[in-house]
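Worksheet: the structure to be examined is printed underneath.
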Amino acid sequence: MAKLAGVTDPEQKRKIIGAAFVEVFQREAGKRQNARWLAQGTIYPDVIESAGAKTKKAHAIKSHHNVGGLPETLNLRLLEPLRDLFKDEVRELGVALGLPREMVYRHPFPGPGLGVRILGEVKREYADLLRQADAIFIEELRATADESGTSWYDLTSQAFAVFLPVKSVGVMGDGRTYDYVVALRAVITSDFMTAHWAELPYALLGKVSNRIINEVRGINRVVYDVSGKPPATIEWE
Numbered sequence: 001m002a003k004l005a006g007v008t009d010p011e012q013k014r015k016i017i018g019a020a021f022v023e024v025f026q027r028e029a030g031k032r033q034n035a036r037w038l039a040q041g042t043i044y045p046d047v048i049e050s051a052g053a054k055t056k057k058a059h060a061i062k063s064h065h066n067v068g069g070l071p072e073t074l075n076l077r078l079l080e081p082l083r084d085l086f087k088d089e090v091r092e093l094g095v096a097l098g099l100p101r102e103m104v105y106r107h108p109f110p111g112p113g114l115g116v117r118i119l120g121e122v123k124r125e126y127a128d129l130l131r132q133a134d135a136i137f138i139e140e141l142r143a144t145a146d147e148s149g150t151s152w153y154d155l156t157s158q159a160f161a162v163f164l165p166v167k168s169v170g171v172m173g174d175g176r177t178y179d180y181v182v183a184l185r186a187v188i189t190s191d192f193m194t195a196h197w198a199e200l201p202y203a204l205l206g207k208v209s210n211r212i213i214n215e216v217r218g219i220n221r222v223v224y225d226v227s228g229k230p231p232a233t234i235e236w237e
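If you're matching positions, the sequence shown starts at 1 in UniProt numbering and goes up one per residue.
Here you go:
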C-alpha cells in the first residue's frame with residue numbers, strides 16, 4: 001500500500017502492483033527448490049490490451065502483469081495454456097473438462113485487484129469502503145432472479161463496485177452528510193473484447209443503493225455505469 005501513496009495514474013498503479021507481484025513471487029519461488037514451471041492463466045484479451053502480440057499492431061490499452069515474460073533472474077519456464085483463447089473459449093474448455101459450473105462462470109477479478117477499482121490514489125480507507133459496497137452488490141445479484149429463475153449474478157458476465165474519490169452532499173435523518181460516491185458496474189459479454197452494460201431491474205438497483213448507503217458509513221451516493229465497451233473498458237482503470 002505504501003508504494004502506491006500519492007500515485008494517481010492508472011498505468012503507473014498497474015506497473016507498481018505488477019512489480020510487487022513479481023517481487024513476492026520471486027521470494028516465494030525461492031523457497032521451492034524443485035519448481036521448474038510457472039503456470040499462468042493469461043488469456044488472449046490480456047495480450048491484446050498489453051499490445052503484447054508478436055505483430056505489435058495493437059495499441060497498448062492497459063498493462064497486465066502476466067504479460068511480457070518472466071524476470072531473467074528466475075530459473076523457471078513459463079506455461080500459458082490459455083494464452084491464445086478468448087474468455088468464452090476458456091469457459092467452453094472448462095465445461096468440457098467437467099469443472100464445476102460456479103468455477104467456470106465465476107466473474108473475473110482484475111490482476112491489480114482493488115487498485116484499479118479505486119480511482120486515483122489508493123488508500124486503505126477507500127479499499128475498506130469499496131469491499132463493503134462490492135460485497136453488498138454481489139450478494140444482491142446472487143439473491144435476485146429474473147422470470148426464469150436465473151440469478152442476476154449468472155445473467156451478467158462481470159459486476160463490481162468502483163470507488164470514486166469525490167464527495168457529495170446528502171441527508172441522513174435531520175442531518176447533513178458529506179461522503180464518498182461509489183459506482184456500480186455490470187456488463188454482459190461473451191469474449192470480454194466488447195460488452196454491453198447490463199439492464200438490471202430498477203428494484204434491484206434501488207435495493208443495492210439503499211443497502212450500501214445505510215450499511216456502509218462513509219458512502220452517501222450510488223450511481224450506475226451505463227457505458228458499453230467500446231468506448232469504455234469494463235474496468236474503470
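From the three backbone atoms N, C-alpha and C, an ideal C-beta is built for every residue, glycine too. Owing to the predicted nature of the structure, the values given are computational and were not obtained by experimental measurement.
Residue range of the alpha helix (DSSP H) that includes residue 158 | If you look at residue 158, you'll find it isn't in any alpha helix (DSSP H); it sits in the beta strand (DSSP E) that goes 158–172.
Counting Cβ pairs, one atom from each stretch, are 3 or more of them under 8 Å apart for the stretch 1–9 and the stretch 93–104?
-> Using a Cβ-Cβ distance cut-off of 8 Å, the stretch 1–9 and the stretch 93–104 are not in contact, since fewer than three pairs of beta carbons, one from each stretch, lie closer than that value.
Does the distance from the CB of residue 166 to the CB of residue 181 come in under 7 Å?
-> Yes.
Are the stretch 78–94 and the stretch 184–192 touching by the rule of at least three beta carbon pairs closer than 8 Å?
-> Judged by Cβ distances under 8 Å, the stretch 78–94 makes contact with the stretch 184–192, as three or more pairs qualify.
Bridge partners - residue 16, DSSP secondary structure assignment = Per DSSP, none; premise fails for residue 16.
Where residue 197 sits in the DSSP three-state scheme = In this structure, residue 197 counts as strand in the three-state DSSP scheme.
Roughly how many whole angstroms lie between the Cα atoms of residue 16 and residue 216?
-> Distance between the alpha carbons of residue 16 and residue 216 is about 29 Å.
Three-state secondary structure (DSSP) at residue 209?
-> Residue 209: helix per DSSP, three-state reduction.
Span of the alpha helix (DSSP H) holding residue 226?
-> No alpha helix (DSSP H) holds residue 226; DSSP gives it neither H nor E.
Please classify residue 180: does DSSP put it in a helix, a strand, or coil?
-> Strand at residue 180.
Would the beta-carbon of residue 188 fall within 7 Å of that of residue 198?
-> Yes; because the gap between Cβ atoms is below 7 Å, this pair is in contact.
Cβ-based burial, residue 150 [other Cβ within 10 Å; buried from 16] | By the 10 Å Cβ count, residue 150 comes out exposed.
Counting only the same chain and skipping the five closest in sequence on each side, list residues whose C-beta sits under 6 Å from that of residue 144.
-> For residue 144, where only same-chain residues beyond five positions count, the Cβ hits under 6 Å are 152, 204.
Using 10 angstroms around the beta-carbon of residue 33, count the other beta-carbons present and answer buried if the total reaches 16, otherwise exposed.
-> Flag for residue 33 reads exposed.
Taking all protein chains shown into account, do 16 or more other C-beta atoms lie within 10 angstroms of the C-beta of residue 35, making it buried, or fewer, making it exposed?
-> For residue 35, the number of other beta carbons within 10 angstroms of its own is below 16, and it is reported as exposed.
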